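Notes to accompany the following structure.
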Amino acid sequence: MSEQIRCSVVIPTKNSAEGLPILLESVKDFSDVAICDGWSEDNTREVASAFGARVEMQDRRFLNDDGTIKDFAGIRNQCTDIAREKWVLNIDTGDFLGESFGDELRKVIDSGVIGAFWINRIFVYGRTVIECASNYPSRQIRLYHKDAVVTWIKPIHERVELKPGITAQIFPASLYTPMMATIAELKKKWSDYIALECARKHDYSFRTWLRHTLREGALAVLFLFRIVRVRLFCRGTKQPITIELMRLWYQWKLLTELLRKVRRL
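Heads up, the sequence shown is in our numbering, so the first residue is 2 and it goes up one at a time.
Below, the structure written as structure tokens:
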């Protein structure tokens, strides 16, 4: 039996009993696994305990009255705080690690480096691994040494702030991320993000909205170009076009909701 990987895996969860086992099975060699649970109404906590994971309840300061998250950075910071190891892998329910992830992480830990790593996310749709997508490479800093980071920032689209002198490297192994099964599920998730985004924008003027619209318009053109390039030239398994186009829906919906906010001011 190989020695455990001296790294804490911390996982924000809510009503995740169905998808949690595949993640917990993929991190069974880690020395510390903990879920930060959003007061689940299914048996998420029982599933986690059955796999030997610790259970911590999400701080209600970071939640709306209906239990949804209003401060994603706050939840990530809470997860980091409960980690017992110096190295932290801060990932989401449903994600799971590739076969080489553990071996590559052992090398990093054994090297004695204090740093942070971008992790490539590979999307999985149903049982199909997506090889071609307009938003590849999709990377996030989810693996870090506690002494390399300051804190997680931004209530929505959260990211970790690194200490001065620390530059994140690209981790050689990937993380697999299941995609939403339906457009309705994706719209619901992103509508919640849009509501949070609108709520936190104070003194939002029409001039600011115009600048925002120009920026988002330029991004939409770039995104369309990438979609066409992927559809024409990438020979692997492609992300469904309906999912690809949802990014444009998100931009349009965000701008229309922000315009309504301007008109109400």
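Cβ atoms here follow ideal geometry from the backbone N, Cα and C, with glycine treated the same way.
Computed from a prediction, not measured in an experiment: that's the story for all the values here.
Considered as a whole, the stretch 40–106 harbours 55–58, 88–91 as its complete beta strand (DSSP E) runs of no fewer than 3 residues, in chain order. Judged by beta-carbon spacing, residue 121 lies within the 9 angstroms limit of residue 140, meaning their Cβ atoms are closer than that value. Inclusion of residue 35 and residue 156 in the CB contact set at 9 angstroms is not warranted, their separation being larger than that value.
Following the DSSP letters along the chain, one finds residue 235 in no beta strand (DSSP E), marked with neither H nor E. The residue among 163, 52, 51, 68 with its C-alpha nearest the C-alpha of residue 59 is 68. Sequence-distant partners of residue 22 (beyond 5 residues in either direction) whose C-beta falls short of 8 angstroms from its own C-beta, in its chain, are 48, 52. The C-beta separation of residue 17 from residue 45 comes to about 5 angstroms, placing the pair in contact by the 8 angstroms criterion. If you draw a straight line from the Cα of residue 167 to the Cα of residue 117, it comes to about 8 angstroms. Relative to the Cα of residue 92, the nearest Cα in the group 223, 37, 128 belongs to 37.
By a beta-carbon distance limit of 8 angstroms, residue 228 contacts residue 135. Their separation comes to about 5 angstroms. Residue pairing from DSSP leaves residue 137 without any beta-bridge partner. Residue pairing of residue 162 in beta bridges, as defined by DSSP: 152.
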